[in-house]
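In terms of mature numbering (1 follows the signal peptide of the UniProt record, and there is no 0), the sequence shown is residues -22 to -1, 1 to 826. Just so you know, even glycine gets a beta-carbon here, dropped at the ideal spot from N, CA and C. Single-structure report; data block below.
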Amino acid sequence: MGGCEVREFLLQFGFFLPLLTAWPGYCSHVSNNQVVLLDTTTVLGELGWKTYPLNGWDAITEMDEHNRPIHTYQVCNVMEPNQNNWLRTNWISRDAAQKIYVEMKFTLRDCNSIPWVLGTCKETFNLYYVESDESHGIKFKPSQYTKIDTIAADESFTQMDLGDRILKLNTEIREVGPIERKGFYLAFQDIGACIALVSVRVFYKKCPFTVRNLAMFPDTIPRVDSSSLVEVRGSCVKSAEERDTPKLYCGADGDWLVPLGRCICSTGYEEVEGSCHACRPGFYKAFAGNTKCSKCPPHSLTYMEATSICQCEKGYFRAEKDPPSMACTRPPSAPRNVVFNINETALILEWSPPSDTGGRKDLTYSVICKKCGLDTSQCEDCGGGLRFIPRHTGLINNSVIVLDFVSHVNYTFEIEAMNGVSELSFSPKPFTAITVTTDQDAPSLIGMVRKDWASQNSIALSWQAPAFSNGAILDYEIKYYEKEHEQLTYSSTRSKAPSVIITGLKPATKYIFHIRVRTTTGYSGYSQKFEFETGDETSDMAAEQGQILVIATAAVGGFTLLVILTLFFLITGRCQWYIKAKMKSEEKRRNHLQNGHLRFPGIKTYIDPDTYEDPSLAVHEFAKEIDPSRIRIERVIGAGEFGEVCSGRLKTPGKREIPVAIKTLKGGHMDRQRRDFLREASIMGQFDHPNIIRLEGVVTKSRPVMIVVEYMENGSLDSFLRKHDGHFTVIQLVGMLRGIASGMKYLSDMGYVHRDLAARNILVNSNLVCKVSDFGLSRVLEDDPEAAYTTTGGKIPIRWTAPEAIAYRKFSSASDAWSYGIVMWEVMSYGERPYWEMSNQDVSAANS
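Right, here's the structure in full:
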């Protein structure tokens, strides 16, 4: 603090010489880590210090230009020997300090500049102290005081300095301590110097209150030992919390050292210049930390300060697991464009996503089924009879397959759309409904059911097949229960034939029976109730006698029938051989047509397109011509023998588009190539089975020539299995093989030999249904069960071909069965190469 003035009186040659002198920088700066116990420059009244003897030190008090007192003690008895002048301060309290600092500002006259001075002139003075618990007025005893140090001036002034009014101000600081009592006195001893004590400041050092890393640390007194630090634990500022324990270390000089740990602003508060301030309205902070407040996400708001989360607007919600930074969302609108398609035994429902998903991606669907009569206002739940694949709730994809539906029933399916906040809304879930009537292709009901016989524990039933089945009958389902416990619980069984023997029943008990039929087009409804009763012991004896009679009669009848059939086949076999030898190809075709393609009564048989003189006639007879404008080709998925293979969509009038595969005949083809290309369509068009690739139609009246078949999403079976190695259970793999076997049995029943059965020629759809395809090498199996088509020339797939077909070019259903065995090995090994690395010659030798 510069600019302070003092009045200095110096004694020269035994008398006082008062001089008014100014020292720039006289008022020194006080650091904030110092606690002042005494500062003579701030005392307004007299200091009241004691002097011994009384004529030693003189007290001079003057006023500065600001009317503030300036206290100065001076002594200059250099002309007299043996000086011992003491100046003692008043009692000074040490507060909490143990180490005290004394700062002295003074001027000192150079002894050499004083004329006629005695040899006792000194240029130093001594500093003493004594501890005391309280102020006392006892007589001053120098022996009680402890010397701190001898104080010498760094700068002294001369007579010339007095003339030029330039005086040198010295500043010296000394440490005192450790102080153990409550206070102390300071004493200044002059032993013959010419000195003026301008000011005295007594203080101790502390580490001052500070805020570091959002933690407050109080004033701390250092230890006396300057080599040790004081560890201080901080406390978090308002609206902050500890992340790691905040610590600082107080050094001996009153400086904070080594900051450790930190505090962080609590939720709803952000750090601003070392303190935590509340988030403004419209802003939030969800987690404790030193990040800034964020603006409320869309569709949320807050009107309060210090908000940890913004509230959603009306009609918008936030799911439990949604982070606070996520926008509020709402339930979706209803699904759109619901369509259905009945395919074999399955009802496929598909729909488009909602136009408004509510701003979320976790969209799921649920399907609710109701059965309605003529009055659509009176509907009931479908119950557990239907099966939904993959399920009826929590659907991710926008489609579902419904199985086990009943014919002649109006089903209403409500498709609900939901997302993560649907359950938070009190509004009803939006849905789109569609009504499906299942009587268009369903089989008719079972008629009369009769009891053939009954025992104590069994009942034999039989019935007539339904008059209208619209597809091959797969099996019958028989549901039964005790009449006394009607509908409480029931059992069921299945039968391939229109008869069944129910075992495990109670004696002399009435049972209720319902029967329904399952075909390739679905289930029929259950038949009416039929009530039958099991027998007792008497009926069992009669039944045993009746069974003996039936067995005996059946044995005689069976033997007679066997003789008749043997004669019949011997005669008809020779006649047919003769007819075949004489029949021309056109006569042969007409014979097939006139018999309605029936090999045996009720069984359709295959007609070889080669029996037609003009192959185009066979194509038009067995394949439907498609207008090319209804076909939309989307992309090329492969290349075939005759051209490219594409995927696309086929639009059928009155129905939705379906995905299809399209085989094209490349340009510049020859007539023979066109005939061979369309020959496969002529073959496929004769087949109708869920495990045979379905022909949709052909395009022959425009370019390019195309064959359109159903689209199989997963491609060929061998590559599909290699791609998903180890992903399926044994039951799933056996299910694939069962489908292939079902398709091959159908071909065999139609008198057809495939010749090239392999996993590469099996296609797989999205439901893992396997279907036989690629009929380019296939040929007809004649009516003679012993006959087989024999070919000349051409390549044979050795690893899949039966030994007799390799050796003699003789193909039959038996050779197809051999190939099926190889396919079984391919499936169970996930597409491994048959016979691994063996050569074709080694394979032929091993199988011969």
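Cα-Cα separation, residue i to residue j
{"i": "residue 234", "j": "residue 185", "result": "6 Å"}
{"i": "residue 296", "j": "residue 337", "result": "11 Å"}
{"i": "residue 881", "j": "residue 326", "result": "Lying outside -22 to 826, the shown extent of the chain, residue 881 is not represented and no answer is given."}
{"i": "residue 598", "j": "residue 722", "result": "25 Å"}
{"i": "residue 407", "j": "residue 330", "result": "17 Å"}
{"i": "residue 154", "j": "residue 136", "result": "32 Å"}
{"i": "residue 747", "j": "residue 711", "result": "11 Å"}
{"i": "residue 315", "j": "residue 372", "result": "19 Å"}
{"i": "residue 628", "j": "residue 636", "result": "5 Å"}
{"i": "residue 837", "j": "residue 738", "result": "No answer is possible for residue 837: the residues shown for the chain start at -22 and end at 826."}
{"i": "residue 825", "j": "residue 793", "result": "13 Å"}
{"i": "residue 778", "j": "residue 704", "result": "23 Å"}
{"i": "residue 827", "j": "residue 671", "result": "The question about residue 827 has no answer, for the chain in this structure spans -22 to 826."}
{"i": "residue 276", "j": "residue 294", "result": "10 Å"}
Assigned secondary structure, residue i (DSSP; H/G/I helix, E/B strand, else coil)
{"i": "residue 388", "result": "strand"}
{"i": "residue 122", "result": "helix"}
{"i": "residue 94", "result": "coil"}
{"i": "residue 356", "result": "coil"}
{"i": "residue 735", "result": "coil"}
{"i": "residue 461", "result": "helix"}
{"i": "residue 237", "result": "strand"}
{"i": "residue 254", "result": "strand"}
{"i": "residue 598", "result": "helix"}
{"i": "residue 317", "result": "strand"}
{"i": "residue 589", "result": "helix"}
{"i": "residue 661", "result": "helix"}
{"i": "residue 193", "result": "strand"}
{"i": "residue 35", "result": "coil"}
From the options, residue whose alpha carbon lies closest to that of residue i
{"i": "residue 308", "options": "742, 401 and 822", "result": "401"}
{"i": "residue 180", "options": "71, 93 and 493", "result": "71"}
{"i": "residue 207", "options": "361, 227 and 215", "result": "227"}
{"i": "residue 161", "options": "205, 634, 329 and 107", "result": "107"}
{"i": "residue 733", "options": "780, 694, 717 and 749", "result": "780"}
{"i": "residue 660", "options": "680, 625, 592 and 626", "result": "592"}
{"i": "residue 284", "options": "265, 291 and 498", "result": "265"}
{"i": "residue 425", "options": "505, 88 and 17", "result": "505"}
{"i": "residue 168", "options": "110, 158 and 99", "result": "99"}
{"i": "residue 333", "options": "377, 409, 349 and 812", "result": "409"}
{"i": "residue 725", "options": "801, 750 and 178", "result": "750"}
{"i": "residue 797", "options": "815, 774 and 611", "result": "774"}
{"i": "residue 508", "options": "248, 805, 428 and 289", "result": "428"}
{"i": "residue 91", "options": "134, 68, 50 and 61", "result": "134"}
{"i": "residue 24", "options": "68, 610 and 432", "result": "68"}
{"i": "residue 12", "options": "132, 198 and 114", "result": "198"}
{"i": "residue 640", "options": "648, 610 and 666", "result": "610"}
{"i": "residue 430", "options": "705, 480 and 456", "result": "480"}
{"i": "residue 404", "options": "17, 812 and 292", "result": "292"}
{"i": "residue 438", "options": "477, 482 and 290", "result": "477"}
{"i": "residue 64", "options": "123, 594, 46 and 16", "result": "123"}
{"i": "residue 630", "options": "607, 624, 378 and 237", "result": "607"}
7 Å CB neighbourhood of residue i in its chain, flanking five on each side removed
{"i": "residue 102", "result": "128, 129, 130 and 171"}
{"i": "residue 626", "result": "609, 610, 611, 612, 638 and 640"}
Any chain D beta carbon closer than 9 Å to residue i
{"i": "residue 27", "result": "Any reference to chain D falls outside this structure, which holds one protein chain only."}
8 Å CB neighbourhood of residue i in its chain, flanking five on each side removed
{"i": "residue 156", "result": "76, 77 and 202"}
{"i": "residue 681", "result": "645"}
{"i": "residue 603", "result": "675, 676, 677, 678 and 679"}
{"i": "residue 149", "result": "6, 81, 82 and 83"}
{"i": "residue 10", "result": "186"}
Cut-off 6 Å between Cβ atoms - residues of its own chain near residue i, not counting five sequence neighbours on either side
{"i": "residue 578", "result": "Legend: pLDDT at residue 578 = 42, less than 50; position of this residue unreliable, value from coordinates given subsequently. Excluding positions up to five away in sequence, the list is empty."}
{"i": "residue 634", "result": "317"}
{"i": "residue 423", "result": "502, 503 and 505"}
Inter-stretch contact at 8 Å, needing at least 3 Cβ pairs: the segment 119 to 131 / the segment 189 to 199 | Between the segment 119 to 131 and the segment 189 to 199, the count of Cβ pairs shorter than 8 Å is below three; the stretches do not touch.
Does the segment 51 to 60 come close enough to the segment 34 to 41 to have 3 or more Cβ pairs within less than 8 Å?
-> With a cut-off of 8 Å, the segment 34 to 41 and the segment 51 to 60 count as touching, because enough Cβ pairs lie within range.
Flag this pair as touching only if the segment 691 to 709 and the segment 781 to 791 have three or more C-beta atom pairs under 8 Å; answer yes or no.
-> The segment 691 to 709 and the segment 781 to 791 do not touch, with fewer than 3 CB-CB distances between them shorter than 8 Å.
Touching by the beta-carbon criterion (3+ pairs, under 8 Å), the segment 446 to 461 and the segment 490 to 506 | Yes, they touch.
Counting pairs of Cβ atoms below 8 Å between the segment 714 to 721 and the segment 640 to 654, do you hit three or more?
-> At 8 Å Cβ cutoff, the stretches do not touch.
How about the segment 390 to 401 and the segment 341 to 348: do they share at least three Cβ pairs that are nearer than 8 Å?
-> A contact exists between the segment 390 to 401 and the segment 341 to 348.
Any contact of the segment 235 to 242 with the segment 207 to 221, i.e. 3+ C-beta pairs under 8 Å?
-> Segments in contact, yes.
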